[in-house]
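Asks: Numbering follows full-length UniProt numbering, with no gaps: position 283 of the sequence shown is 283.
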Amino acid sequence: MLASLPNKVLIGITDFLGDQKDRVHLAASCRHFRKILLPYAFNSISLNSTCEWTLSCLVHTLLQQPRCGAAVRSLSLTVGRCRHSRKVRFDRELLTRALQRIAHTEEELVKWRDNLEGKSTEASDLYSEGAWLDYLEEKSTDEWGLYTKDAWRAVLLILVPNLETLNIEWHPSEKYTQKVFSRALNHEKPFDTRPAFTRLRSISIQEWEYDDTLIKACDIVNSFRFPSLRQFSCYGVADFADDDEVSRITKLGAFSKVTDIAFYNSNSTNGFSSFVIACENLQSFVYEHIFLAEWGESCNPPAIFKTLLHHKDTLVKLHVYNAEVEDEPSENAFFGSLSNFAVLKDLRLRATNLLDWDREGKVSKNHLFSVLPASLVSLTIENFDECPNVKNMVEQLGDILRNGMGNFSLLESLEIGGFFLDPENDSPNDVIRPELKPVMALLSDACGSSGVEFVMRDISY
Numbered sequence: 001m002l003a004s005l006p007n008k009v010l011i012g013i014t015d016f017l018g019d020q021k022d023r024v025h026l027a028a029s030c031r032h033f034r035k036i037l038l039p040y041a042f043n044s045i046s047l048n049s050t051c052e053w054t055l056s057c058l059v060h061t062l063l064q065q066p067r068c069g070a071a072v073r074s075l076s077l078t079v080g081r082c083r084h085s086r087k088v089r090f091d092r093e094l095l096t097r098a099l100q101r102i103a104h105t106e107e108e109l110v111k112w113r114d115n116l117e118g119k120s121t122e123a124s125d126l127y128s129e130g131a132w133l134d135y136l137e138e139k140s141t142d143e144w145g146l147y148t149k150d151a152w153r154a155v156l157l158i159l160v161p162n163l164e165t166l167n168i169e170w171h172p173s174e175k176y177t178q179k180v181f182s183r184a185l186n187h188e189k190p191f192d193t194r195p196a197f198t199r200l201r202s203i204s205i206q207e208w209e210y211d212d213t214l215i216k217a218c219d220i221v222n223s224f225r226f227p228s229l230r231q232f233s234c235y236g237v238a239d240f241a242d243d244d245e246v247s248r249i250t251k252l253g254a255f256s257k258v259t260d261i262a263f264y265n266s267n268s269t270n271g272f273s274s275f276v277i278a279c280e281n282l283q284s285f286v287y288e289h290i291f292l293a294e295w296g297e298s299c300n301p302p303a304i305f306k307t308l309l310h311h312k313d314t315l316v317k318l319h320v321y322n323a324e325v326e327d328e329p330s331e332n333a334f335f336g337s338l339s340n341f342a343v344l345k346d347l348r349l350r351a352t353n354l355l356d357w358d359r360e361g362k363v364s365k366n367h368l369f370s371v372l373p374a375s376l377v378s379l380t381i382e383n384f385d386e387c388p389n390v391k392n393m394v395e396q397l398g399d400i401l402r403n404g405m406g407n408f409s410l411l412e413s414l415e416i417g418g419f420f421l422d423p424e425n426d427s428p429n430d431v432i433r434p435e436l437k438p439v440m441a442l443l444s445d446a447c448g449s450s451g452v453e454f455v456m457r458d459i460s461y
């Protein structure tokens, strides 16, 4: 019955099936379907890359069915617990032939093949014999397989040349993944005879558990050279580019088409200026700053503002805030006036950065009228309770809201975040701290009168 349907209808049915397994089972149910539907069944792939069995099976399938690899547009390699004990699938002959097309030397081929099979020696090279034995006792089976998973992921990336969206976990020690991207950008084997990742529009590097090892900005900034890349987001990045490095990148000019950048739980001495300057027309910039004494630097709001001035005519979304509650005194500096950011619609800043505060007099030296752009639609103010003068801030916000039919007629929502609840109140209902109640009521009423949505988000929990 299904086999008699037109090919377009069959393809539509395959696309409609949300589960990857269902799509593959339908495509494999008969010879006719296999010929028509198998590539479409692989259009979007999401799998637990922690499971070496699943990852290795997918690589084997794509090696045997190159047209399926060419059909992959979206690849999400998530992280989760593997629920079985099966080891990697390892067809030595098939993988050796593949690595002959990939590796640059015989030594690299052998080492890569050993990693695929789970015979990694890289970690042991880092330790003395005694320390290596201690390492083995401390590490779990999942951590053992870091090099094995990296080797399989790297081969997988080579087999999906038409990829458009990539969501991946990337540990700094995963050298094979870095090697694949580097060779693709430099048109080196196996990318010397065919272009690679020419359709890649979005890269998302997932949140991962790091200790003192972070992703170095210099290891990922080159990915901005992919010609079709537009969105880039990443967790746990450390950017320690000095003035000379920033100057070198500045001289290159804007070479990237990336429009959206997001760094979460990251740290930069200069607000990731190397990435910002590299973009021709940046539309969205998100920076969640985290400070760790072992490697971190304080956030520098004025420096971030200075860099973003390159994109004052194109920036639509700007979020700069701290991931943790504690901050350094230098992090409370005035960000800068955004009144000339002509198309900025979505703004998220800390209260201490939004205005230029006189710390001793606890009054602002400027007014929100001279700071906020008329194009603003959504305003989020973090750490609102840490404002040197909450009443002064509320009064200025009231002025903005009352002027809603004038310069700020586009404003639709105001959200404030901070510690608002009274920790000493035992009531089952949330109770606002007594000193904040009057001003919060004024702000809520002002928003209601202006037709602006008001959200007060407590961060106590």
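Heads up, the beta-carbon is just placed ideally off N, CA and C, and yes, glycines get one too.
Can you give the Cα-Cα distance for residue 374 and residue 345, rounded to whole angstroms?
Replies: Roughly 9 angstroms separates the two Cα atoms.
Asks: Whole angstroms are fine: how far does the CA of residue 452 sit from the CA of residue 414?
Replies: About 7 angstroms.
Asks: Does DSSP put residue 382 in a helix, a strand or coil?
Replies: Three-state DSSP puts residue 382 in a strand.
Asks: Taking its Cβ as the centre, do 16 or more other Cβ atoms sit within 10 Å of residue 49, making it buried, or is it exposed?
Replies: By the 10 Å Cβ count, residue 49 comes out buried.
Asks: If you check the beta carbons only, do residue 239 and residue 268 fall under 7 angstroms apart?
Replies: Yes, the pair counts as a contact, with Cβ atoms nearer than the cut-off.
Asks: Which residue or residues does DSSP assign as beta-bridge partners of residue 335?
Replies: According to DSSP, which records beta bridges pairwise, residue 335 is partnered with nothing at all.
Asks: Answer yes or no: do residue 52 and residue 148 have a C-beta to C-beta separation smaller than 7 angstroms?
Replies: Yes, the Cβ-Cβ distance between residue 52 and residue 148 is below 7 angstroms.
Asks: Would you list the one or two residues that DSSP bridges to residue 234?
Replies: DSSP lists 205 and 263 as partners of residue 234.
Asks: Name the two residues that bound the continuous alpha helix (DSSP H) containing residue 78.
Replies: Not the alpha helix (DSSP H): residue 78 falls in the beta strand (DSSP E), residues 74 to 78.
Asks: Buried or exposed: where does residue 136 fall if 16 or more other Cβ atoms within 10 Å of its Cβ makes it buried?
Replies: Residue confidence is low: residue 136 scores 35 on pLDDT, short of 50, so the model does not pin down where it sits. No coordinate-derived value is stated.
Asks: Is the beta carbon of residue 46 closer than 7 angstroms to that of residue 76?
Replies: Yes; because the gap between Cβ atoms is below 7 angstroms, this pair is in contact.
Asks: What does the alpha-carbon distance come out to for the pair residue 457 and residue 223?
Replies: Using only the alpha carbons, I get a separation of about 36 angstroms.
Asks: Spatial neighbours of residue 301 within its chain, please: C-beta separation below 6 angstroms, excluding the five flanking residues on both sides.
Replies: Hits under 6 angstroms: 333, 335 and 353.
Asks: Look at the alpha carbon of residue 218 and the alpha carbon of residue 448, and state the distance between them as a whole number of angstroms.
Replies: The straight-line gap from Cα to Cα measures roughly 48 angstroms.
Asks: Which of the three DSSP states is assigned to residue 422 in this structure?
Replies: Of the three classes helix, strand and coil, the one that applies to residue 422 here is coil, per DSSP.
Asks: Starting from the Cα of residue 84, find the closest Cα among 97, 298, 54 and 378 and give me that residue.
Replies: Closest option to residue 84, Cα to Cα, is 54.
Asks: Apart from the five residues just before and just after residue 382, which ones in its own chain have a Cβ nearer than 6 angstroms to its Cβ?
Replies: Closer than 6 angstroms at the Cβ level, and outside the excluded window around residue 382, lie 321, 350 and 417.
Asks: Are there 16 or more other CB atoms within 10 angstroms of the CB of residue 323, so buried, or fewer, so exposed?
Replies: It counts as exposed.
Asks: Taking the alpha carbon of residue 226 as the reference point, which residue from 236, 216, 207 and 256 has its own alpha carbon closest?
Replies: Selected option, being the one with the closest Cα: 256.
Asks: Going by DSSP, which residues form a beta bridge with residue 289?
Replies: In DSSP, residue 289 forms a bridge with 266 and 322.
Asks: To the nearest angstrom, how far is it from the Cα of residue 261 to the Cα of residue 281?
Replies: Taking the straight line from one Cα to the other gives about 11 angstroms.
Asks: Hey, how far is the Cα of residue 435 from the Cα of residue 357?
Replies: Rounded to whole angstroms, residue 435 to residue 357 spans 21 angstroms at the Cα level.
Asks: Per DSSP, what are the beta-bridge partners of residue 165 in this structure?
Replies: DSSP, once it has assigned bridges, lists 74 and 202 as partnering residue 165.
Asks: Identify whether residue 454 lies in helix, strand or coil by the three-state DSSP scheme.
Replies: Residue state, collapsed to three classes: strand.
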